[in-house]
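Asks: Can you keep this structure in mind? I'll have questions shortly.
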Amino acid sequence: MSKEDIIRDAIESMHKGNEKLAIEAMERAIAEGLDPVEILADGFSAGIREVGDLFSRGTVFLPQLMMTADVMQKVSALVDKEIASRGLTAEKKGVMVIATVQADVHDIGKGIVASLVKTQGIEVIDLGRDVPVETIIERAEEHKADIIGTSALLTTTLNEQKKLEEMLKSEGLRDKYKTMVGGAPATQRWADRIGADAYAEDAGEAVVKALALLGH
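Here the sequence shown stands for residues -1 to 214, where the numbers follow this note's numbering.
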């Protein structure tokens, strides 16, 4: 089977949220000696971006999006294992700490961003959901992060992104990190207002913005 066929199957597996098809596609790629990161980026990541676009247009609904995100996590774990076994780990471009802010339990979009950013040679520390600002900063310090990304899916939790900016300034850490915000109620205007370095509307844009913040 050609690389193009495998990429096509990878994209299809994301559209269907089909774990069996996804794992089979990646295992074929590995068996044929293809670059698993390339297949992840050009196939699976491309497919999940398309599913995200369909979700934003109301064509795909939340259960399917959640299923697809779960499949993506399993494929990413398979790729991580293969990369480690081959000793192919790419030169690390930077470290990003990412989290859904406190009092917000929505993390589908954040998970997709984490998966896509990871394919670009950026180490991602995913703190999960409902994470206090204090914890985000502590983990950023612990992992010597370059970027702090936060997601807020509720208007009631959006202010946590502002709180992060304020706390970084008060602790004399603001110049140490690049910050990125996202989530349904977030906008470029909001990012400018609170002083964030970047705003990403979707996972694809988050990858572009993260690389730009790191100088790539």
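Using N, Cα and C, we set each Cβ at its ideal position, and we do this for glycine too.
If you're wondering where the values come from, they're calculated on a predicted model, not measured in any experiment.
(1) The beta strand (DSSP E) that contains Thr133, what's its start and end?
(2) Take the Cβ of Phe59 as the centre, count every other Cβ of all protein chains shown within 10 Å, and call the residue buried at 16 or more, exposed below.
(3) Per DSSP, what are the beta-bridge partners of Met94 in this structure?
(4) Taking the alpha-carbon of Phe53 as reference, which of Thr148, Glu140, Ile110, Lys142 has the nearest alpha-carbon?
(5) For Ile37, collect the residues of the same chain with a Cβ closer than 7 angstroms to its Cβ; drop the 5 residues on either side in sequence, then sort them by chain order.
(6) Taking the beta strand (DSSP E) that Val179 belongs to, which residues open and close that run?
(7) Can you name the start and end residues of the alpha helix (DSSP H) that Gln71 belongs to?
(8) For Ala204, which residues from the same chain have a beta carbon less than 8 angstroms from its beta carbon, with the 5 sequence-adjacent residues on both sides left out?
(9) Where does Ala150 sit, in a helix, a strand or coil, going by DSSP?
Replies: Straight from the coordinates:
(1) Here residue 133 corresponds to residue number 135 of the sequence shown, with the count starting at 1. Unbroken run through Thr133 is the alpha helix (DSSP H), 131 to 140; no beta strand (DSSP E).
(2) In the sequence shown, counting from the first residue as 1, residue 59 sits at position 61. By the Cβ neighbour-count rule, Phe59 is exposed, with fewer than 16 other Cβ atoms within 10 Å of its own.
(3) In the sequence shown, counting from the first residue as 1, residue 94 sits at position 96. Paired residue(s): Val122, Ile145.
(4) Sequence index remark: in the sequence shown, residue 53 carries index 55 (1-based). Minimum Cα distance to Phe53 is reached at Ile110.
(5) Locating residue 37 in the sequence shown gives position 39, where the first residue counts as 1. Within the same chain, Ile37 has close Cβ partners Ile4, Ile5, Ala8, Met24, Ala27.
(6) In the sequence shown, residue 179 corresponds to position 181, counting from 1. Where Val179 is concerned, the enclosing beta strand (DSSP E) stretches over 176 to 180.
(7) Residue 71 sits at position 73 when you count from the first residue of the sequence shown. Counted as a single uninterrupted DSSP element, the alpha helix (DSSP H) harbouring Gln71 occupies residues 60 to 84.
(8) Looking up residue 204 in the sequence shown gives position 206. Hits under 8 angstroms: Val111, Leu114, Val115, Gly147, Met178, Gly180, Ala198.
(9) By 1-based counting over the sequence shown, the position of residue 150 is 152. Ala150 sits in coil when the DSSP states are folded into three classes, being neither helix nor strand.
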